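Residue numbers (this note's numbering): 51 to 311. Step one of this worksheet: look at the structure below.
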Amino acid sequence: MLEQIKLLKLNRSILKNLSNDFKMPKQLGYVPINASWELINKLTQLCQHHYDSLRNSDLLPNGEIIEPQDYQKDLFRIRTPDSTHAIEAFCTDPRILSMIMDYLGELPIVQDIGLYWSSTNSSRDSSQQFHLDKAYDKQVKFSINIWPTNIENGPLSFLPADISKNFCEVSGQKWATKLSDDEIYNICPKSALVEVLGEPGSGMAVDTSRCFHFGGRAFNGERLIFRANFSPRIYANKLKRRLPFQKQTTSNLLYKQIFVL
Ligand SMILES: O=C(O)CCC(=O)C(=O)O
Ligand SMILES: [Fe+2]
51 MLEQIKLLKL NRSILKNLSN DFKMPKQLGY VPINASWELI NKLTQLCQHH
101 YDSLRNSDLL PNGEIIEPQD YQKDLFRIRT PDSTHAIEAF CTDPRILSMI
151 MDYLGELPIV QDIGLYWSST NSSRDSSQQF HLDKAYDKQV KFSINIWPTN
201 IENGPLSFLP ADISKNFCEV SGQKWATKLS DDEIYNICPK SALVEVLGEP
251 GSGMAVDTSR CFHFGGRAFN GERLIFRANF SPRIYANKLK RRLPFQKQTT
301 SNLLYKQIFV L
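Structure representation (structure tokens):
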């Protein structure tokens, strides 16, 4: 009960102090992030260090984690001080949090955080095909390029929320998963596709529950991205997932951070 009251108070105080310069328009369901932010700068460096430390150390005996022909491997499954630091700084950043709160209308829960590496591949499995992440009604997912990413590295690619909604209305599909490009482009203009391309630190926040998307079609060159998704709190209990911070002590976290994690 006390927790509930604290949470309500916190919600109210953050909602009152939302920043205006970084918001996700509800109609579009996405917003680019700014690669020049100090936070993003540090994040890309920490992720790169993390990758280097795995590559150069015996943390990866026999290439246990990084193997050829994987279109998505989470390298944060091995924790180092760099990875922990990167995760904490991102999840508790006021500008990031206030944007998410404006969009979701409440303080979010961190559902997943990872450093995802894709090898060069020619597969079209699962998330490499158009789909909606229908575990949630809405969410905010960040996808940030740690390495320069062009079309050959399999960028996250998506259709804005209004175009995706139109697809569902016209096709009559509500819970569409794994659609072929042809099925999508029969209804949606190809020119509407947004690709998360660019230098290290380039990235976007996308509601992948409302925007049809795919990624990891790295047909000529590896990809390394930081990904974090935040959902409404109701899903914390519904999906009994292991949340990223569950096992962490809270003693060194600020009061408001504890609620997010
Ligand atoms: O590989 C990607 O960039 C997209 C993966 C995906 O479907 C997701 O993050 O929901
Ligand atoms: Fe997805």
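Heads up, the beta-carbon is just placed ideally off N, CA and C, and yes, glycines get one too. Keep in mind it's a predicted model, so treat the numbers as computed, not measured.
Ligand 1 heavy atom lying under 6 Å from the CB of residue i
i    : result
S177 : yes
D183 : yes
G248 : no
L206 : yes
G266 : yes
Residue i CB to nearest heavy atom of ligand 2 below 6 Å
i    : result
P258 : Inspection of the sequence shows that residue 258 is occupied by Thr rather than by Pro. Yes, since a heavy atom of ligand 2 falls inside the 6 Å radius drawn around the Cβ of T258.
Nearest residue (CA-CA) to residue i, options the options
i    : options                : result
Y80  : I275, R260, Q122       : R260
Q179 : R267, Y186, P282       : R267
K73  : E245, D102, I150, H99  : I150
D212 : P205, I237, I201, S193 : I237
S281 : L78, D124, K184        : K184
A187 : N84, P75, W87, Y285    : It is worth fixing the name first, because residue 187 is Asp in this sequence and not Ala. Nearest C-alpha to D187: Y285.
K191 : R283, W87, S173, V256  : V256
Neighbourhood of residue i by C-beta, 6 Å cutoff - its chain only, sequence neighbours within 5 removed
i    : result
P82  : M254
L303 : Residue placement at L303 is flagged as unreliable, the pLDDT there being 46, under the threshold of 50; the coordinate-derived value follows with that caveat. Result list for L303: empty, nothing under 6 Å.
F126 : S133, G164, L165
Q298 : Annotation note: pLDDT 47 at Q298 (below 50); position unreliable, no value reported.
Cβ neighbours of residue i in the same chain (closer than 7 Å, five flanking residues each side left out)
i   : result
N91 : G251
8 Å CB neighbourhood of residue i in its chain, flanking five on each side removed
i    : result
S221 : E233, I237
I201 : E245, L247
R292 : Bear in mind that a pLDDT of 46 at R292, under 50, signals an unreliable position, so the model cannot answer this.
DSSP beta-bridge partners of residue i
i    : result
G164 : R277
S193 : M254, R277
E219 : None, per the DSSP bridge assignment.
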